[in-house]
Amino acid sequence: MILLICAILDDQQLRHLLHVATSLRMRALVEVHSQEEARRAVEAGAIIIGVNSRDLTTFEMHPYLIREIRQTLPGDRIIVAESGIHSAADVRRLARYDVQAMLVGESLVVSNDIPTHVQMLLHNANHTTQVKICGLSEAEHIDAAIDAGADMLGFIFHEPSHRYIQPERVSSILAASRSYTQPAKGQALPDLVGVFVNKEADYINEVAEQVGLHYIQLHGNETPEFCQRIKRPVIKALSLQDATELERMEAYRDVTWRLLIDTPTPDWGGAGRIGDWELASLAAQQNKILLAGGLTIENVANAIQQVHPWGIDVSSGVETDKKKDSQKIAAFIAQVRQSENISREKLES
Ligand SMILES: O=C(O)c1ccccc1NCC(=O)[C@H](O)[C@H](O)COP(=O)(O)O
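Written as structure tokens, this is what we have:
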């Protein structure tokens, strides 16, 4: 394998060296550090694209660059995340961006125990469950979610819900969150998810831009065609009534980022009711799903063990009297991580 750094090659050189590599049956890792370089790499025909978070001229780190660049790269390329990969949270973040490989240097060099560090990175790349805390509306609960290691934060833009938050308020509560504005060392910032029910596509795209949402969760009757009009990766919530409905998922597979399996309820979602985990586990065998509906500190370990979802989504289960509860948020996420450690120990024994 050879390394071709986009920043020091013009288009002609890049194409030529890719051609030479292919003719010698070598593979090329084409490294990029901007959207423009990513576009050039794709146009030159690069198959393996490395997104380096480190700016090689200033050595400054841009850990969230990969989130933006990944969304514009075609799904058939092999994506390698490069630089700044230290913690479990860093690796879970990369798993979320569907990168296929990671290139780790510094964190191994400075580690006192390289085998354990490698094991930790691999475990988090392959066996962790993404956690989304949904229905947030106060800075203190955003702090609690980030401190506990939440992977995604959800905001409800559905007016009839008691969890409704005005889009303009999201920026102010994020600005008021100490953990969001000044994350501790080793802490990765979660991605922001906006939850909408049967809203116009233009409105959703506008709110996404205004708030800086990373993902859009569509929780109503939105069709696969509608999902394609959304300018951010879509999480489509589906409430499956029975096994015949598993076919319905297929129509959404190519036009969404993830599917979320929720319990059918008249108010669309967030009702705190457990769904059919057997059905969800069939769905999880076919797709990377988020499991939602009535998850709590008490039942989440069983849910993960039975369903094997890619991620889980909770709202009511981390509330007391219909308000988010920081202690429950922390205990819920701790429970998820503990259940992963138990499964890892089982795998290793
Ligand atoms: O939370 C709401 O009020 C809500 C209203 C309308 C559509 C979706 C809604 N929530 C989405 C979620 O919070 C989750 O995706 C999921 O339904 C979790 O629910 P819960 O059973 O409360 O954990």
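Counting from -6, one number per residue, gives the positions in the sequence shown under the working numbering.
Virtual Cβ for every residue (Gly too), placed ideally from N, Cα, C.
Legend entry - Best match in 57, 124, 241, 164 for proximity to residue 311 [C-alpha to C-alpha]: On the sequence shown, position 318 is the one that residue 311 refers to. Ranked by Cα distance from residue 311, the options 57, 124, 241, 164 are led by 124.
Inset, instruction - Would you mind working out which of 130, 158, 156, 191 sits nearest residue 170, comparing C-alpha positions? - result: For the purposes of this step, residue 170 is taken as the residue at position 177 of the sequence shown. For the options 130, 158, 156, 191, the alpha carbon positioned closest to that of residue 170 is the one of 130.
Legend entry - Proximity to residue 205 [Cα-Cα], best of 191, 211, 219, 183: On the sequence shown, position 212 is the one that residue 205 refers to. For residue 205, the nearest C-alpha among the options comes from 183.
Legend entry - Any non-hydrogen atom of ligand 1 within 6 angstroms of residue 261 CB: To locate residue 261, count along the sequence shown from 1; it is residue 268. Yes - ligand 1 has a heavy atom lying nearer than 6 angstroms to the Cβ of residue 261.
Legend entry - Cβ-Cβ separation, residue 8 to residue 14 (assumed contact under 8 angstroms), whole Å: Along the sequence shown, one-based indexing puts residue 14 at 21. Along the sequence shown, one-based indexing puts residue 8 at 15. Taking a contact as a CB-CB distance under 8 angstroms, the pair residue 14 and residue 8 does not count as one, their CB atoms being some 11 angstroms apart.
Legend entry - residue 184 - partner residues in DSSP beta bridges: Counting from 1 along the sequence shown, the entry for residue 184 is found at position 191. Answer is 145.
Legend entry - Beta-carbon gap between residue 261 and residue 299 smaller than 7 angstroms: Stepping through the sequence shown from its first residue, residue 261 is reached at position 268. Stepping through the sequence shown from its first residue, residue 299 is reached at position 306. No, these two residues do not count as a Cβ contact at 7 angstroms.
Inset, instruction - Measure the Cβ-Cβ separation of residue 25 and residue 34 and say whether it is below 7 angstroms. - result: As a first step, residue 25 is located in the sequence shown; it is residue number 32 there, counting from the start. As a first step, residue 34 is located in the sequence shown; it is residue number 41 there, counting from the start. In this structure, residue 25 lies near residue 34, with their beta-carbon atoms less than 7 angstroms apart.
Inset, instruction - Can you tell me which of the three DSSP states residue 178 falls into? - result: In the sequence shown, residue 178 corresponds to position 185, counting from 1. Residue state, collapsed to three classes: coil.
Legend entry - Strand pairing of residue 232, partner residues [DSSP]: As a working note, residue 232 is residue 239 in the sequence shown. Residue 232 is bridged to 255.
Legend entry - As assigned by DSSP and simplified to three states, the class of residue 225: Taking the first residue of the sequence shown as position 1, residue 225 is located at position 232. In the structure shown, residue 225 adopts coil according to DSSP, grouped into three states.
Inset, instruction - Below 6 angstroms CB to CB, which residues in the same chain sit around residue 158 once its five sequence neighbours on both sides are set aside? - result: Against the sequence shown, residue 158 aligns to sequence position 165. The residues are 130, 148.
Inset, instruction - For the alpha helix (DSSP H) holding residue 4, just list the boundary residues, first then last. - result: Counting from one through the sequence shown, the residue named residue 4 turns up at place 11. Per DSSP, residue 4 belongs to the alpha helix (DSSP H) from 4 to 16.
Inset, instruction - Take the Cβ of residue 117 as the centre, count every other Cβ of all protein chains shown within 10 Å, and call the residue buried at 16 or more, exposed below. - result: Looking up residue 117 in the sequence shown gives position 124. For residue 117, the number of other beta carbons within 10 angstroms of its own is at least 16, and it is reported as buried.
Legend entry - Cβ contact check for the region 106 to 115 and the region 170 to 181: 3 or more pairs under 8 angstroms: They do not touch, by the three-pair rule.
Inset, instruction - Count the other C-beta atoms from every protein chain shown that fall within 10 angstroms of the C-beta of residue 191, then say buried if there are 16 or more, exposed otherwise. - result: Here the question's residue 191 lines up with position 198 in the sequence shown. Classification of residue 191: exposed, given that the 10 Å Cβ count is below 16.
Inset, instruction - Look at residue 231 and residue 211 and say whether their C-beta atoms are less than 7 angstroms apart. - result: Position 238 of the sequence shown, counted from the first residue, corresponds to residue 231. Position 218 of the sequence shown, counted from the first residue, corresponds to residue 211. Against a cut-off of 7 angstroms, the Cβ pair of residue 211 and residue 231 comes out as no contact.
Inset, instruction - Would you give the residue range spanned by the beta strand (DSSP E) that residue 45 belongs to? - result: Position 52 of the sequence shown, counting from 1, holds the residue named residue 45. From DSSP, the beta strand (DSSP E) with residue 45 extends over 41 to 45.
Inset, instruction - Return the first residue and the last residue of the alpha helix (DSSP H) that residue 88 is part of. - result: Your numbering for residue 88 matches position 95 in the sequence shown. Counting along the chain, the alpha helix (DSSP H) containing residue 88 begins and ends at 81 to 89.
Inset, instruction - Taking residue 161 as the reference, give the member of 146, 179, 200, 178 with the closest Cα. - result: On the sequence shown, position 168 is the one that residue 161 refers to. Checking every option, the nearest Cα to that of residue 161 belongs to 200.
Legend entry - Pair within 7 angstroms by beta-carbon distance, residue 227 and residue 254: For the purposes of this step, residue 227 is identified with residue 234 of the sequence shown, where counting begins at 1. For the purposes of this step, residue 254 is identified with residue 261 of the sequence shown, where counting begins at 1. The criterion of a C-beta distance shorter than 7 angstroms is not satisfied by residue 227 and residue 254.
Legend entry - Cβ-based burial, residue 103 [other Cβ within 10 Å; buried from 16]: Counting from 1 along the sequence shown, the entry for residue 103 is found at position 110. So residue 103 ends up on the exposed side.
Inset, instruction - Tell me whether residue 285 counts as near ligand 2, meaning its Cβ is closer than 6 angstroms to at least one heavy atom of that ligand. - result: For the structure depicted, ligand 2 is absent and the ligand set comprises only ligand 1.
Legend entry - Where the beta strand (DSSP E) containing residue 210 begins and where it ends: Translated into positions along the sequence shown, residue 210 becomes position 217. Annotation: the continuous beta strand (DSSP E) that includes residue 210 extends over 208 to 211.
Inset, instruction - Answer yes if the region 271 to 286 comes into contact with the region 92 to 108, meaning at least three C-beta pairs across the two stretches below 8 angstroms, and no otherwise. - result: The region 92 to 108, when compared against the region 271 to 286, does not touch it at the 8 angstroms Cβ threshold.
Inset, instruction - Going by CA-CA distance only, name the one from 4, 195, 239 that's closest to residue 39. - result: The sequence position of residue 39 within the sequence shown is 46, counting from 1. With distances taken between Cα atoms, residue 39 lies closest to 4.
Inset, instruction - Note down, in chain order, each residue of its chain lying with its Cβ closer than 8 angstroms to the Cβ of residue 263, except the 5 sequence neighbours on either side. - result: Counting from one through the sequence shown, the residue named residue 263 turns up at place 270. Closer than 8 angstroms at Cβ, skipping near neighbours: 127, 128, 149, 154, 156, 308, 309.
Inset, instruction - Could you tell me whether the Cβ atoms of residue 23 and residue 1 are closer together than 7 angstroms? - result: Along the sequence shown, read from residue 1 onward, the residue named residue 23 stands at position 30. Along the sequence shown, read from residue 1 onward, the residue named residue 1 stands at position 8. No, the pair does not count as a contact, with Cβ atoms beyond the cut-off.
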